[in-house]
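According to the working numbering, the sequence shown is numbered sequentially starting from 40.
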Amino acid sequence: MSIDLPKSVLSGILPESSRQDGSVVDLEVFKDLASTTDEGLRIDPLYNRLSGAAVQTSTRQSNPWHICQIIDIPDVVAASKQIHEDLGNGATSLELFFQSAISGNGRTGIRVDTLADMERLLFGIDLTDLPLRMCGGHETQLLFALILALFEKQGRVPADDQIHLLRDPVGWLGRNGYLRDNKDKLVLGIKETVAFCGELGANVRYLHANGALWHNAGAGQAEELACVMASVLEYFRIMETAGAAPETWAASIAVTLAAEEDQLGTIAKARAARRMWANLLDACQLDQVPLNLHMETSRRMLATYDVWNNVLRNTIAVFGASVGGADSISVRPHTSAFGLADVTARRIARNTQSVLLLESNLHKVIDPSAGSGAIESWTKQTQDLAWDILQQIEAIGGAFVALTSGMIQTRIKDTRQGRLDRFATREKIMIGVNEYTLLPQKAPSVIKQDPLELTQLEEPRDLPPNGNGARVKACVKALLQGAVMTELMERADGVPGMSAAAPLGNLRIAQGFEELQSQTSVAAETPDSSVLILKQPDADPEALKWLKSSLALSGVHVDAVSAEGALSKADVQDYKVICLVPPKTAADADLQEAISVLGSDGKAVYLAVSGDRECVGAKSIYPGSDVLALLTEIHRDLGLLGNGEDLS
Numbered sequence: 040m041s042i043d044l045p046k047s048v049l050s051g052i053l054p055e056s057s058r059q060d061g062s063v064v065d066l067e068v069f070k071d072l073a074s075t076t077d078e079g080l081r082i083d084p085l086y087n088r089l090s091g092a093a094v095q096t097s098t099r100q101s102n103p104w105h106i107c108q109i110i111d112i113p114d115v116v117a118a119s120k121q122i123h124e125d126l127g128n129g130a131t132s133l134e135l136f137f138q139s140a141i142s143g144n145g146r147t148g149i150r151v152d153t154l155a156d157m158e159r160l161l162f163g164i165d166l167t168d169l170p171l172r173m174c175g176g177h178e179t180q181l182l183f184a185l186i187l188a189l190f191e192k193q194g195r196v197p198a199d200d201q202i203h204l205l206r207d208p209v210g211w212l213g214r215n216g217y218l219r220d221n222k223d224k225l226v227l228g229i230k231e232t233v234a235f236c237g238e239l240g241a242n243v244r245y246l247h248a249n250g251a252l253w254h255n256a257g258a259g260q261a262e263e264l265a266c267v268m269a270s271v272l273e274y275f276r277i278m279e280t281a282g283a284a285p286e287t288w289a290a291s292i293a294v295t296l297a298a299e300e301d302q303l304g305t306i307a308k309a310r311a312a313r314r315m316w317a318n319l320l321d322a323c324q325l326d327q328v329p330l331n332l333h334m335e336t337s338r339r340m341l342a343t344y345d346v347w348n349n350v351l352r353n354t355i356a357v358f359g360a361s362v363g364g365a366d367s368i369s370v371r372p373h374t375s376a377f378g379l380a381d382v383t384a385r386r387i388a389r390n391t392q393s394v395l396l397l398e399s400n401l402h403k404v405i406d407p408s409a410g411s412g413a414i415e416s417w418t419k420q421t422q423d424l425a426w427d428i429l430q431q432i433e434a435i436g437g438a439f440v441a442l443t444s445g446m447i448q449t450r451i452k453d454t455r456q457g458r459l460d461r462f463a464t465r466e467k468i469m470i471g472v473n474e475y476t477l478l479p480q481k482a483p484s485v486i487k488q489d490p491l492e493l494t495q496l497e498e499p500r501d502l503p504p505n506g507n508g509a510r511v512k513a514c515v516k517a518l519l520q521g522a523v524m525t526e527l528m529e530r531a532d533g534v535p536g537m538s539a540a541a542p543l544g545n546l547r548i549a550q551g552f553e554e555l556q557s558q559t560s561v562a563a564e565t566p567d568s569s570v571l572i573l574k575q576p577d578a579d580p581e582a583l584k585w586l587k588s589s590l591a592l593s594g595v596h597v598d599a600v601s602a603e604g605a606l607s608k609a610d611v612q613d614y615k616v617i618c619l620v621p622p623k624t625a626a627d628a629d630l631q632e633a634i635s636v637l638g639s640d641g642k643a644v645y646l647a648v649s650g651d652r653e654c655v656g657a658k659s660i661y662p663g664s665d666v667l668a669l670l671t672e673i674h675r676d677l678g679l680l681g682n683g684e685d686l687s
């Protein structure tokens, strides 16, 4: 069965069209249904099927994607137990997040100091062909030596593409605002890895273009993609300077993108990434190598309140990543924004993928979005905008220069603020955060963390310099002989590294509202922290509904009474904050008189109306107003905030 709709209705391209009965279609109706993304990409209400669209294939084809579990538990024994739990129940690859990768972003990492620690971590694990993603920050190369020492002790060598070293100097500089190494030292470090891997005889992805980092800092989908490809180009230049053979460049970079609750946007971004990768290789006159794409669920979409909603967000994100053709996917446990996830949360994260893979069989159809007018349009728009941003970054000298100048940070921060504003006004909804909150709440179960122990620096060993593979080889040998990692770490040599104009950091969308909601218990225990809703006869129903739903987000107690007749001070003497809801037709003079009476003793008065209506002595609350800013003001009026605090 097909529905015969005029093309102008479906595509929104033609200025006018006629129905089959000859009547004219009013396109203005459909223009109202169009929307835009945070980056201004247009989303029409309906699309034609795009005939002849090419199917985009991934490296996995119709095979299952890898279910990758993140291991970030500091205690080695507990982390090992979790690894066995994961690999024995569906996981097919691991991301090992080590303590040296911690950069003040609220995460924890595995504490390993010796080969014996690594042996305890991976005791009883069959490492044959087990994909390993290793995140170690500045010490990634040393951790590479540590895992190689374990392989050597077991009499094995890594398989091709088994080890991904998540070393992302561009991303580290963007997020943290500094980089220990300057460009010359970076090149020497890569030259060292290239030389060693050449002797190893196995392909290792030793650089990482991590889009999730830019996403969690607030980037839009095209901005994330542009920053990833700008990182790739920087790494191509570094590898060229380091003497790596051009035919090895593409296969030496691991690429990660974020998967979020925006299902179609996630699919479109993954598809755009493959197209952009192919275009980039063509532009660099490199042989085509399929993009090996890892996707991890978004951190910025997670909430610390009503955390079960995060399970649903993760499910949608995994669906988008799998349909978009990701080769491997990792899921942040639904409690990870609150603390270190326990075994139950990690099991839910793992099984989220298993259900979609083994029950829904999402992997069996290659690029099911091919030909979809909506997704093809979104894919192309994302790719085109990302390419434009990439050209701007390259025009000023590449990603490092763009970060040093602040160009990337300015753009991402503008996008981030626009998104936060849309959530603050509730134009965009986050269930449990700015709509349908459940307060107060019981804190989710997480692993209790001991205070972080500072690593004792040992006397440094005399090691060969970076550049020809000898340093990694010497580190492997020393670790096999019982060396401690701190003996092998590079020491500061007085040569400054790189600094960005400003660090991007991480920011979850829900944080502003959560700051307010965290004061719920304080408000409940404070007798005079209630808000009074004063409804006048024929009170505006739309304004009243908006007011009640907005106040429900704050966690304060609300009393509502109907005001019949003249208002008196006695009616409101027990309240610091009064919200007046007048009828739509209320005269300005009458409103001004009521506000004067209610606010005469220094009480804060708010006016709930359908539109922005100004009255002296009252702040307006209306549909579309900045709810977060207004609730912050109400909390301040109630004495729940200091005068300087601003949660908006």
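Backbone N, C-alpha and C define an ideal beta-carbon position, used for all residues, glycine too. Quick caveat, the model's predicted, so the values are computed rather than measured.
Check your understanding: My guess is that Lys-615 and Asp-676 are in contact by the Cβ rule of under 8 Å, so how many angstroms apart are they, rounded?
Key -> 6 Å
Check your understanding: What is the rounded straight-line gap between the Cα of Ala-184 and the Cα of Lys-512?
Key -> 8 Å
Review point. Between Val-294, Phe-275, Ala-293, which lies nearest to Glu-286 when the distance is taken from Cα to Cα?
Key: Selected option, being the one with the closest Cα: Phe-275.
Check your understanding: Can you tell which of Gly-536, Glu-299, Val-346, Ser-97 has its C-alpha closest to the C-alpha of Trp-316?
Key -> Ser-97
**Study point:** Expected contact under 8 Å - CB spacing of Leu-669 and Ala-647 to nearest Å
**Key:** 10 Å between Cβ atoms; not a contact.
Check your understanding: If you draw a straight line from the alpha carbon of Leu-478 to that of Leu-680, how long is it in whole angstroms?
Key -> 19 Å
Practice item. Would you identify the three-state DSSP class for His-177, choosing helix, strand or coil? Key: helix
Review point. Among the residues of its own chain, which have a CB less than 8 Å from the CB of Asp-345, if the five just before and after it don't count?
Key: Ile-470, Gly-471, Val-472, Thr-476, Leu-477, Gln-480
Check your understanding: With Asn-242 and Asp-199 assumed to form a contact (beta carbons below 8 Å), what rounded beta-carbon distance in angstroms separates them?
Key -> About 4 Å separates the Cβ atoms of Asn-242 and Asp-199, confirming a contact at the 8 Å cut-off.
Check your understanding: Helix, strand or coil: how does DSSP classify Leu-239 here?
Key -> helix
**Study point:** One or two residues paired with Met-315 in a DSSP bridge
**Key:** Answer is none; Met-315 lacks a bridge partner.
**Study point:** Counted within 10 angstroms of its Cβ, other Cβ atoms place Asp-613 as buried (16 or more) or exposed
**Key:** exposed
**Study point:** Beta carbon of Ala-289 nearer than 8 Å to that of Leu-325
**Key:** yes
Review point. When DSSP labels each residue in this structure, what does Glu-653 get in the three-state scheme?
Key: coil
Review point. In chain order, what residues of the same chain have a beta carbon less than 6 Å from the beta carbon of Gly-210, not counting five sequence neighbours either side?
Key: Within the same chain, Cβ atoms closer than 6 Å to the Cβ of Gly-210 are found at Asn-249, Leu-252, the five residues on either side in sequence being excluded.
Practice item. Determine the extent of the beta strand (DSSP E) in which Asp-598 is found, giving its start and end residues. Key: Note, Asp-598: beta strand (DSSP E), 597 to 601.
Check your understanding: Do the segment 296 to 310 and the segment 344 to 363 make contact, defined as three or more Cβ pairs closer than 8 Å?
Key -> yes
Point to revise | Proximity of Leu-319 and Val-485 at Cβ, strictly below 8 Å | key: In this structure, Val-485 does not lie closer than 8 Å to Leu-319 by Cβ.
Practice item. Use the C-beta contact count for Glu-672: other C-beta atoms within 10 angstroms, 16 or more gives buried, fewer gives exposed. Key: buried
Exercise for review: Give the C-beta separation of Val-515 and Glu-78 to the nearest angstrom, bearing in mind that I take them to be a contact with Cβ-Cβ under 8 Å.
Suggested key: With a contact defined as Cβ atoms closer than 8 Å, Val-515 and Glu-78 miss out at about 46 Å.
Exercise for review: Give the secondary structure of Cys-514 by DSSP, where H, G and I count as helix, E and B as strand, and everything else as coil.
Suggested key: helix
Practice item. Return the chain-ordered list of same chain residues with a C-beta closer than 8 Å to the C-beta of Pro-622, the five sequence neighbours on each side being excluded. Key: Gln-575, Pro-576, Asp-577, Ala-578, Asp-579
Check your understanding: Helix, strand or coil: which one does DSSP assign to Val-666?
Key -> helix
Point to revise | Among Thr-525, Lys-642, Gly-359, Trp-347, nearest to Thr-383 - alpha-carbon criterion | key: Trp-347
Check your understanding: Does the distance from the CB of Gln-95 to the CB of Asp-406 come in under 8 Å?
Key -> yes
Check your understanding: Does the separation of the CB atoms of Val-115 and Ile-149 fall below 8 Å?
Key -> yes
Review point. In whole angstroms, what is the alpha-carbon distance linking Val-655 and Ala-73?
Key: 38 Å
**Study point:** Beta-bridge partners of Ala-380, as assigned by DSSP
**Key:** Val-485
Practice item. Report the rounded CA-to-CA distance for Ser-291 versus Glu-279, giving the unit in angstroms. Key: 12 Å
Review point. Residues bridged to Leu-332 by DSSP?
Key: Its beta-bridge partners are Val-294.
Check your understanding: Given that a residue counts as buried once 16 or more other Cβ atoms are within 10 Å of its Cβ, and exposed if not, what is Pro-499?
Key -> Counting the other CB atoms within 10 Å of its CB gives Pro-499 a total below 16, which places it among the exposed residues.
Point to revise | Anticipated Cβ contact below 8 Å, Val-233 with Gly-175, distance rounded | key: Actually they do not touch by this definition, with Cβ atoms about 18 Å apart.
Check your understanding: How far does the alpha helix (DSSP H) with Leu-272 in it reach, from first residue to last?
Key -> 260 to 281
**Study point:** Where Val-350 sits in the DSSP three-state scheme
**Key:** helix
Review point. What span of residues does the beta strand (DSSP E) with Ser-659 cover, start to end?
Key: 658 to 660
**Study point:** Burial state of Asn-505, where buried means 16 or more other Cβ atoms lie within 10 Å
**Key:** buried
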